[in-house]
Every structure is written in C-alpha cells, then in structure tokens.
Amino acid sequence: DATFCTQVLRSATVAYRPLHLQELVSTAALPEEPFKDNLLVVELVEPCGSFLTIREERIYLVHQSVKDCMTSGKGSSIFASRMSEEHYDIMGRFIKTMSAVLRYAVCGLKEPVLWQARQSIRSAIALYAY
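FYI, the numbering for the sequence shown is -18 to 111, going by this note's numbering.
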C-alpha cells in the first residue's frame, strides 16, 4: 500500500537513529495487528529498497543523500507538514505505546538490585527506547 510506504519513509527520514522493525510500526502509525510479524514489516519496506535497507532487524537509509532529498529536495513532498510536526507526531505515538506497555514496577523486582533492574528495564522497553 502506497500510504504505508510513505509513512515508513517519513519515519525513517526523521528518525535520529535506525529504527527496529517493531519501532517502525509505532513511528509510522502502522496497524499493529497485521504488522506484529516482522516478516510483514520487511515485505512493506522492501519496495522502498531504493531508499531503505534492513540490517539486523533495523531500518537504515541507504545513504545520507536520501535524507537530504527527503528533507529539502523534491522528496519533501511526502511530509504533509513541517519536520518538527512529524517529530511531534512520532513522539506522541511512542508515548501512547509506552503507556500501554509500561506499568508500575515494570521489572517485577521485590527487592531491586541496581544491576538487575537495569537489565530488566532494558529488556522490557527495548522496542520503545527511541
């Protein structure tokens, strides 16, 4: 679907770092249900192969020139609004996703030991760490 591809390109362009496949679902506002499966996310990204590549389940722009074109060249037409508004929208989606996932005592530790808590937190929020 062209709309999903545009959403993926917008998210990958404004992101400050390569996004995990499941992070992309949140940042690009893709429907969660069909895209829980990483293979479907990969199939969605593959047609964007001129601009994006996937390595170790992370989405990368193929070259800095892609970002330059998408932010200031003719490619910037994929953005309905300014880049700052796109960042705002992405952060809103992440906050919504984290609100659904995070809970009090996310690690479930009764007597937290700092190193255990750090490891548990990292694994609990790995896909929402943007």
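Glycine is no exception: its CB is placed at the ideal position from the N, C-alpha and C atoms.
Environment of residue i [buried if 16+ CB atoms lie within 10 Å]
i: Val82; result: exposed
i: Ala(-17); result: exposed
i: Gln45; result: exposed
i: Leu20; result: exposed
i: Ile76; result: exposed
i: Glu67; result: buried
i: Met72; result: exposed
i: Thr27; result: Here residue 27 is Glu; the residue named in the question, Thr, does not match the sequence. Burial call: exposed.
i: Val23; result: exposed
i: Ser7; result: buried
i: Val(-5); result: buried
Residue i: first and last residue of the uninterrupted beta strand (DSSP E) it sits in
i: Ile71; result: Where Ile71 is concerned, there is no enclosing beta strand (DSSP E), although the alpha helix (DSSP H) it sits in stretches over 64 to 82.
i: Arg36; result: 33 to 36
Residue i beta carbon near the ligand SAH (any heavy atom closer than 8 angstroms)
i: Val47; result: The model depicted lacks the ligand SAH and carries no ligand whatsoever.
According to DSSP, residues forming a beta bridge with residue i
i: Arg39; result: His1, Arg36
Residue i, DSSP secondary structure in three states
i: Leu(-10); result: helix
i: Asp(-18); result: coil
i: Phe16; result: helix
i: Leu25; result: helix
i: Gly56; result: helix
First through last residue of the alpha helix (DSSP H) which encompasses residue i
i: Cys50; result: 45 to 53
Minimum Cβ-Cβ distance from residue i to chain D less than 9 angstroms
i: Val(-11); result: The structure shown contains no chain D; it is built from a single protein chain.
| said: Measuring CB atoms only, is the stretch 53 to 66 touching the stretch -11 to -1, in the sense that at least three cross pairs come out at less than 8 angstroms? | reply: yes
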